[in-house]
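Right, one structure below, let's go through it.
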């Protein structure tokens, strides 16, 4: 995990200023939660860190490296969305392995990482299913598993536990 440094970050949509001059430091290996009412800019902030949303002003550094102009794939970030963002035509295994295949990892490495993430998230028995055969909580665990398999420098979660039952929410936080 890497430190994130945000300095004087701003973002507007039209005339509406969503993020206004935010500065924030998140230490390496820390667990930071950003809370606020719906529409206050939490998701926009995460999307800017991930490189999915252009920033209007300010700087973002990950592990001391300025990433403002880096494309998302080069930031070594895994983002989990509330909407799951799973490929409906792929099995759970292939959804979790997708990023690793793009990185040209070996089949052995892919299998090892996917099975370990599945074990952590208690979805080992779901690896051959397609997303439409899963509950909302199971789909969310697959999305989290896809992030875990990539072993990124930074994990960004946009309401990742919202569809999990209380017991699994606690267990997932611990893992």
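Residue numbers (our numbering): 2 to 176.
Even glycine gets a Cβ: it sits at the ideal position worked out from N, Cα and C.
With contact defined as three or more Cβ pairs closer than 8 Å, the region 19 to 27 and the region 43 to 57 are in contact. About 21 Å separates the Cβ atoms of residue 26 and residue 57, ruling out a contact at the 8 Å cut-off. Non-local beta-carbon contacts of residue 77 in its own chain, meaning distances under 6 Å to residues more than five positions away in sequence, involve 153, 154 in chain order.
Residue 80 has its alpha-carbon roughly 10 Å from the corresponding atom of residue 73.
Inter-segment contact for the region 89 to 101 and the region 139 to 158 is present: three or more beta-carbon pairs are separated by less than 8 Å. The DSSP-derived three-state label of residue 82 is coil. The Cβ neighbour count for residue 85, taken over all protein chains shown within 10 Å, is at least 16; the residue is labelled buried. Secondary structure at residue 44: helix, using DSSP grouped into helix, strand and coil.
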